[in-house]
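**Q** Before I ask anything, let me first share the structure, which is written out below as structure tokens.
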Amino acid sequence: MPLSASPVVRRVRLGAELRRLRHRESLTLEQVCGRLGWASTSKLSRIELGQSRPDLADVLDLLDVYAVPPGQREALVVIARDAATGRGWSKALGEMGERQRAYAELEAGVARLVEYQPAVVPGLLQTPAYARLRVTAGALLDDEVDVEADVRARLARQEVLRRADPPEYIALLDERACDRGGTPVEVWREQLRHLVVLADRPNVTVRLVARPAAPRGGIHPLTGFSHYAFPDPADPRTVLVETLTTDLRLVTDTEVTRYERLVEWLLAVALPADETAALLARQAEQPVVPRPRAAPDVPNGS
268 MPLSASPVVR RVRLGAELRR LRHRESLTLE QVCGRLGWAS TSKLSRIELG
318 QSRPDLADVL DLLDVYAVPP GQREALVVIA RDAATGRGWS KALGEMGERQ
368 RAYAELEAGV ARLVEYQPAV VPGLLQTPAY ARLRVTAGAL LDDEVDVEAD
418 VRARLARQEV LRRADPPEYI ALLDERACDR GGTPVEVWRE QLRHLVVLAD
468 RPNVTVRLVA RPAAPRGGIH PLTGFSHYAF PDPADPRTVL VETLTTDLRL
518 VTDTEVTRYE RLVEWLLAVA LPADETAALL ARQAEQPVVP RPRAAPDVPN
568 GS
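In this note's numbering, the protein residues as written are 268 to 569.
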């Protein structure tokens with residue numbers, strides 16, 4: 268069963284709503300905190316930015332200051348309760364690192380998810396063996412990574428695609444993401460076959476962006492990103508952008524709209540889903556030609 272609305276998303280929405288109410292009343296952070304007897308404006312600032320789990324009593328006090336009418340007040344209290352949720356979500360998601368949890372919280376409440384990957388298969392589509400290789404490679408840069416715990420977390424996240432009311436999931440993969448590279452042959456074949464099987468699910472679409480294809484203007488995204496849309500259209504559409512050390516969460520309309528435009532351009536040039544599945548199936552069965560060994564250096568002699 269899906270979890271309730273993501274507390275991360277609800278915090279952002281609650282903060283935006285409270286900020287609008289404060290501006291409507293022409294109040295500064297200092298004025299509001301002064302009326303409530305809060306020692307610092309940082310508390311209110313963090314609530315408005317969606318950076319802290321709000322205390323329901325504090326939210327009720329803010330609604331009093333802003334003289335919010337009963338109907339709107341009740342709706343905001345529901346959002347505030349979702350935003351304050353913590354323990355139940357932690358138990359439902361299990362043991363996860365910070366980055367895995369950020370993805371899992373968004374995935375659990377999402378209605379439509381579009382992911383683009385330029386070089387690797389996305390976590391929601393990875394086999395255990397492929398995931399273990401990816402996590403092990405990442406551990407070379409961070410010796411605090413628990414490889415097996417990270418793999419278990421990825422596999423737990425994948426349940427979102429198999430739940431009773433799964434989200435619509437679209438994976439846009441650069442052709443390089445499905446190249447073998449240095450992946451062991453059997454792990455690579457198993458991963459390609461797994462993609463074909465998953466792509467047969469009614470809620471899953473996998474499409475390759477072939478090398479010759481160029482989105483409008485020749486723009487190729489340099490990093491992977493994930494775009495989330497939620498059942499409640501008032502919840503902020505969200506983009507997570509991958510970097511080496513962390514993930515950037517974007518929620519402003521200006522930033523998210525740019526990624527949505529990029530998704531449209533990628534969809535316009537990607538191979539259709541049926542052609543993608545056929546290509547991946549053929550790749551999985553192709554014989555692997557051993558790579559030639561590099562010729563040894565010959566020292567210059569007289």
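Just so you know, even glycine gets a beta-carbon here, dropped at the ideal spot from N, CA and C.
With three or more C-beta pairs closer than 8 Å as the rule, is the stretch 493–509 touching the stretch 272–282?
**A** With a cut-off of 8 Å, the stretch 493–509 and the stretch 272–282 count as touching, because enough Cβ pairs lie within range.
**Q** For the beta strand (DSSP E) holding Asp514, just list the boundary residues, first then last.
**A** Taken as a continuous stretch (DSSP letters only), the beta strand (DSSP E) holding Asp514 covers Asp514 to Leu517.
**Q** Whose C-alpha, out of Arg291, Leu311 and Val463, is nearest the C-alpha of Cys300?
**A** Among Arg291, Leu311 and Val463, the Cα nearest to that of Cys300 belongs to Leu311.
**Q** Alpha carbon to alpha carbon, how far is Asp325 from Ser319? Give it in angstroms, no decimals.
**A** Spanning the two alpha carbons is a distance of roughly 12 Å.
**Q** Give me the DSSP bridge partner(s) of Ser493.
**A** Answer is Glu382 and Leu507.
**Q** For Ala396, which residues of its own chain have a beta-carbon under 6 Å away from its beta-carbon, when the five flanking residues on both sides are left out?
**A** Within the same chain, Ala396 has close Cβ partners Val454.
**Q** Flag this pair as yes or no: are the beta carbons of Ala551 and Arg474 separated by less than 7 Å?
**A** Taking 7 Å as the Cβ cut-off, Ala551 and Arg474 do not qualify as a contacting pair.
**Q** State yes or no: is the beta carbon of Arg366 nearer than 7 Å to at least one beta carbon in chain C?
**A** Judged by its chain identifiers, the structure shown contains no chain C, having just a single protein chain.
**Q** Short check: CB of Pro281 to CB of Ala350, under 7 Å?
**A** Correcting the residue identity first, residue 281 is Leu in this sequence and not Pro. Going by C-beta atoms, Leu281 is nearer than 7 Å to Ala350.
**Q** Here's a check: name, in chain order, each residue in its chain whose Cβ is nearer than 8 Å to the Cβ of Ala386, leaving out the five neighbours to either side.
**A** Around Ala386: Asp441, Arg443, Ala444 and Gly491.
**Q** Helix, strand or coil: which one does DSSP assign to Thr403?
**A** Helix, per DSSP.
**Q** Using the C-alpha atoms, what's the distance from Leu439 back to Pro321?
**A** Approximately 36 Å between the Cα atoms of the pair.
**Q** At what residues does the alpha helix (DSSP H) containing Glu374 begin and finish?
**A** Glu365 to Ala375 is the extent of the alpha helix (DSSP H) around Glu374.
**Q** From the DSSP output, in three-state form, read off Ala551 for me.
**A** Helix at Ala551.
**Q** Got a sec, what are the start and stop residues for the beta strand (DSSP E) Leu439 sits in?
**A** That run of the beta strand (DSSP E) goes Glu435 to Asp441.
**Q** Determine the contact status of Thr519 and Gln458, defining contact as a CB-CB distance below 7 Å.
**A** Not in contact: Thr519 and Gln458 (Cβ atoms no closer than 7 Å).
**Q** Can you tell me which of the three DSSP states Val335 falls into?
**A** Of the three classes helix, strand and coil, the one that applies to Val335 here is coil, per DSSP.
**Q** Specify the secondary structure class of Val345 as computed by DSSP and reduced to three states.
**A** Three-state result, Val345: helix.
**Q** Hey, quick one: how far does the beta strand (DSSP E) through Thr472 stretch, first residue to last?
**A** Unbroken beta strand (DSSP E) run through Thr472: Val471 to Val476.
**Q** Would a C-beta distance cut-off of 7 Å place Val249 and Val418 closer than the cut-off?
**A** Because the chain spans 268 through 569 in this model, residue 249 falls outside it and cannot be assessed.
**Q** If distances are taken between C-alpha atoms only, which option among Ser307, Thr524 and Leu329 comes closest to Tyr495?
**A** Checking every option, the nearest Cα to that of Tyr495 belongs to Thr524.
**Q** Buried or exposed, going by whether 16 or more other CB atoms sit within 10 Å of the CB of Ala306?
**A** It is exposed - the Cβ of Ala306 has fewer than 16 other Cβ atoms within 10 Å.
**Q** So, are the CB atoms of Leu285 and Leu329 less than 7 Å apart?
**A** Their beta carbons are under 7 Å apart, which means Leu285 touches Leu329 by this criterion.
**Q** Quick check: what's the CA-CA separation for Val530 versus Val388?
**A** In a straight line, the C-alpha of Val530 is about 17 Å away from that of Val388.
**Q** Helix, strand or coil: how does DSSP classify His487 here?
**A** Three-state DSSP puts His487 in coil, outside helix and strand.
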